[in-house]
Amino acid sequence: MIISKSRDMGFYKNYYKEMKLFNKWSYKLINIKDFSLSQYIFINNGFGDFNPHSRGKFGNIQFAKSKCIIVERLINSLMLQGRNSGKKIKTINIVKKSFSLINKKTNLNPIQVLVSAVENCSPIEDSLLLGQKISNKRVSVDISPYRRISQAIYMMAIGVKKSSFKSEKPISDCLTEEILNAYKNSSSSYGIRKKQEIEKVAELNR
Numbered sequence: 001m002i003i004s005k006s007r008d009m010g011f012y013k014n015y016y017k018e019m020k021l022f023n024k025w026s027y028k029l030i031n032i033k034d035f036s037l038s039q040y041i042f043i044n045n046g047f048g049d050f051n052p053h054s055r056g057k058f059g060n061i062q063f064a065k066s067k068c069i070i071v072e073r074l075i076n077s078l079m080l081q082g083r084n085s086g087k088k089i090k091t092i093n094i095v096k097k098s099f100s101l102i103n104k105k106t107n108l109n110p111i112q113v114l115v116s117a118v119e120n121c122s123p124i125e126d127s128l129l130l131g132q133k134i135s136n137k138r139v140s141v142d143i144s145p146y147r148r149i150s151q152a153i154y155m156m157a158i159g160v161k162k163s164s165f166k167s168e169k170p171i172s173d174c175l176t177e178e179i180l181n182a183y184k185n186s187s188s189s190y191g192i193r194k195k196q197e198i199e200k201v202a203e204l205n206r
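Going left to right, the sequence shown walks through residues 1 to 206 as the working numbering numbers them.
Here it is, written out as structure tokens:
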């Protein structure tokens, strides 16, 4: 009996080590090119997550989103405002379909494609109004890595919602196009266009 128990424990240990996102996509060997973002793009939490759902444990803690898996952060951004607000199971299924389409089109791990898309969409500098009410001056400032990722994911989610609104295309196809265009650094991506606008305004106010 002792031998069988140890065998069972070994089986379960190996099983949990091989857990993948949606039982398909591995968190291993994901490359982050931008070193400044590497500490804030969270990919793996030890054993991986079969379903990206943390039950809101990162919501009320400052800077805790940096420990939330990047896929779940995308899902949460797609739930902000509008018809899909609060419908997490529905949004998870949308991302699941989108990841399957990305894999068919590129033969790459969709988690790697998403990480590269977020890197490309993250703005480096922004502009702020400084001074009193009478004399305000707009000045360019550097953006922290934490905010860069948050802005990139938010802009991509807004672009998906705008392209799917009053459209015959399903939202999963719109999400696939947005991620792939951002991955290719194409201006047809809403996130890339918004990034260029933000950086252009910041450059004019240096």
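Glycine included, each C-beta is placed from N, C-alpha and C at the ideal position.
Since this is a predicted model, take the numbers as computed values, not measurements.
Sequence-distant residues of its chain with Cβ nearer than 7 Å to residue i (five each side left out)
| i | result |
| --- | --- |
| I143 | P123, I124, E125, D126 |
| C68 | F42, S54, F58 |
| R206 | S140 |
| A152 | V118, C121, S122, G191 |
Start-to-end residues for the alpha helix (DSSP H) that takes in residue i
| i | result |
| --- | --- |
| N136 | Taken as a continuous stretch (DSSP letters only), N136 belongs to no alpha helix (DSSP H), being part of the beta strand (DSSP E) at 136-142. |
| R193 | 190-204 |
Spatial neighbours of residue i in its chain, beta-carbon cut-off 6 Å, leaving aside the 5 residues before and after
| i | result |
| --- | --- |
| A202 | E125, D126, S127, S140 |
| Y190 | G159 |
| R148 | S122 |
| N109 | W25 |
| L129 | N136, R138 |
| F99 | P110 |
Per DSSP, cross-strand counterpart(s) of residue i
| i | result |
| --- | --- |
| E125 | D142 |
| I69 | F42 |
| L101 | Note: L101 sits in no beta bridge, so no partner. |
| L130 | K137 |
| L207 | There is simply no residue 207 to check, as the chain begins at 1 and stops at 206 in what is shown. |
| L74 | The partner list for L74 (beta bridge, DSSP) is empty, contrary to what the question assumes. |
| L21 | W25 |
Residue i Cβ short of 7 Å to the ligand PLP heavy atom set
| i | result |
| --- | --- |
| K90 | For the ligand PLP, the structure offers nothing, since it holds no ligand at all. |
Neighbourhood of residue i by C-beta, 8 Å cutoff - its chain only, sequence neighbours within 5 removed
| i | result |
| --- | --- |
| V113 | I102, T106, I179, L180, Y183 |
| S4 | Low per-residue confidence applies at S4: pLDDT is 45, beneath 50, and the placement is therefore not dependable, though the value from the model is reported in the following sentence. Correct list: empty, nothing qualifies. |
| I92 | N51, P52, H53, I75 |
| F35 | none |
| K20 | S26, Y27, G48, F50 |
* Segment contact, 8 Å Cβ cut-off, at least three pairs: the region 166-177 with the region 192-201 -> The region 166-177 makes no contact with the region 192-201, as fewer than three CB pairs between them are under 8 Å.
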